[in-house]
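Numbering (the working numbering), first residue to last: 493 to 785. Even glycine gets a Cβ: it sits at the ideal position worked out from N, Cα and C. Comments concern the structure below.
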Amino acid sequence: MQTRNQRTLARSIECSGVGIFTNADVKIRFCPAPENHGIQFIRTDLVDSKPIPALIQNAVFKQRRTAIEYQGASVEMIEHVMAALAGLRIDNCRIEINAPEAPCFDGSSQELSIEFLEAGIVEQPFKRNLICIGKPVSVEDDTGSFIQAKPLNRSVLAIGYYLNYGEDSPIPPQCLTLEINPETWMKQLAFSRTFVLEDEVKTMRSLGYGLRLSAGDLLVLGEQGVVDNELRTLDECVRHKILDCLGDFALIGCDLYGYFSANQSGHALNRELIKKIKSTHQLISSEAAWKIA
């Protein structure tokens, strides 16, 4: 079985931006961390705040985004950060953030991924734990959306997504499958942005969301197409859905091998699948994986 060494950043970096849901000015700092530390967020704006491990058992429900909570502290909209870390195989990182929400950036993980690469990524002595899908696992909801995981005969993570919002949607049906590794991450996924329908923007702003963002800060789609922006690829929407899957899957806290196929799946279903995989599959420790290899 293919194994790899754990990795962390070579040096700390700091980024800033605006939160979609809180409209807050956000500063976020990514720091190197030791082996087996995992990904942990710490709220620097809260007195005596404990680190929040980015693990599925700490996930809490929020509409249209991923959030984690631990010992009274929480942070949300973390999926794009988690996807960038997972896509570049950065396993150990301490993330200091001065707000309850990660920055929006440009709606994608591209800026953050470039910052990580410029900072440098270094290998660590310990091997990475993993879960290899050994039997089919699936979850679905009452709308017909579903996501499933199946075994693969190779030690890779592959994600396929089918997106279809119907004939009346300004977003055409899209389908894509990608094998996830640092190269495909940077070339095929990191640039893909969050998208929202023009009608939904009005509702979100009435709730106080996105007040400091414009259509140029993410993808807004209306009856006439993209509003005040341009697509980076014709299928950018389905690419972003795969990006979201990767960020949510990263909450499993180890490498994940298998083929994942999603149909209209969102953050809630993604997390349910990861919970089910954790309850039905055995974690292969780094030492055991090394012996198997």
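Nearest-angstrom Cα separation, counted from residue j out to residue i
i: G511; j: D517; result: 7 Å
i: H773; j: L649; result: 16 Å
i: E610; j: D634; result: 44 Å
i: A445; j: F597; result: Not covered by the structure: residue 445. The range shown for the chain is 493 to 785.
i: I531; j: K619; result: 16 Å
i: F752; j: G658; result: 23 Å
i: K783; j: C667; result: With a pLDDT of only 39 at K783, under 50, the local geometry of the prediction cannot be trusted, and no value is derived from it.
i: Q680; j: I744; result: 23 Å
i: E506; j: D747; result: 26 Å
i: S777; j: C624; result: 11 Å
i: L797; j: N515; result: With the chain covering 493 to 785 only, the question about residue 797 has no answer from this structure.
i: N550; j: K768; result: 15 Å
i: P526; j: T500; result: 8 Å
i: L711; j: L723; result: 8 Å
i: S757; j: I582; result: 25 Å
i: F513; j: I663; result: 23 Å
i: Y654; j: H732; result: 12 Å
i: N673; j: Q716; result: 35 Å
i: K770; j: G626; result: 12 Å
i: Q498; j: R704; result: 38 Å
i: A575; j: R646; result: 22 Å
i: T536; j: A565; result: 10 Å
i: V718; j: R556; result: 20 Å
Opposing strand residues paired with residue i [DSSP bridges]
i: D517; result: V510
i: G579; result: Paired residues: none, contrary to the question.
i: P545; result: Q532
i: C523; result: R586
i: T669; result: G652
i: R557; result: K554
i: Y562; result: A565
i: I776; result: L622
i: G717; result: G714
i: I505; result: F522
i: V539; result: For V539, which the question treats as bridged, DSSP gives no partner whatsoever.
i: F457; result: Because residue 457 is not part of the residues shown, which for the chain are 493 to 785, the question remains open.
i: E632; result: F638
Status (buried if at least 16 other CB within 10 Å, exposed otherwise) for residue i
i: T686; result: buried
i: A502; result: exposed
i: T495; result: buried
i: P595; result: buried
i: T695; result: exposed
i: Q602; result: buried
i: L622; result: buried
i: D720; result: exposed
i: V539; result: exposed
i: E764; result: buried
i: G509; result: buried
i: Q640; result: buried
i: E675; result: exposed
i: E593; result: buried
i: G702; result: buried
Endpoints, the beta strand (DSSP E) within which residue i is located
i: L681; result: Run containing L681: none; DSSP gives neither H nor E here.
i: S698; result: No beta strand (DSSP E) contains S698, which is instead part of the alpha helix (DSSP H) from E690 to S698.
i: S566; result: A565 to E568
i: R499; result: N497 to L501
i: K627; result: Here K627 belongs to no beta strand (DSSP E), and DSSP marks it neither H nor E.
i: G750; result: D747 to N755
i: L710; result: Counting along the chain, L710 falls outside any beta strand (DSSP E), and DSSP gives it neither H nor E.
i: Y653; result: L649 to L655
i: A641; result: F638 to K642
Alpha helix (DSSP H) segment containing residue i, residue limits
i: I606; result: Q602 to A611
i: N762; result: H759 to T772
i: I734; result: E728 to F741
Beta-carbon separation (whole angstroms), residue i vs residue j, contact threshold 8 Å
i: R586; j: I548; result: Incorrect: roughly 19 Å between the Cβ atoms, too far for contact.
i: S637; j: L761; result: 6 Å
i: C729; j: A754; result: Incorrect: roughly 13 Å between the Cβ atoms, too far for contact.
i: S605; j: G579; result: 7 Å
i: K787; j: P665; result: Residue 787 lies beyond the stretch modelled for the chain, which goes from 493 to 785, so this question has no answer here.
i: G599; j: D691; result: About 18 Å; that fails the 8 Å criterion.
i: Y749; j: L644; result: 7 Å
i: K554; j: E568; result: 5 Å
i: V552; j: I544; result: Rounded, the Cβ-Cβ distance is 11 Å, inconsistent with contact.
The ligand HEM heavy atom lying under 6 Å from the CB of residue i
i: D736; result: This structure lacks the ligand HEM; in fact it carries no ligand of any kind.
Interface flag, residue i vs chain B, CB-CB below 7 Å
i: A760; result: Chain labels in this structure do not include chain B; a single protein chain is all it has.
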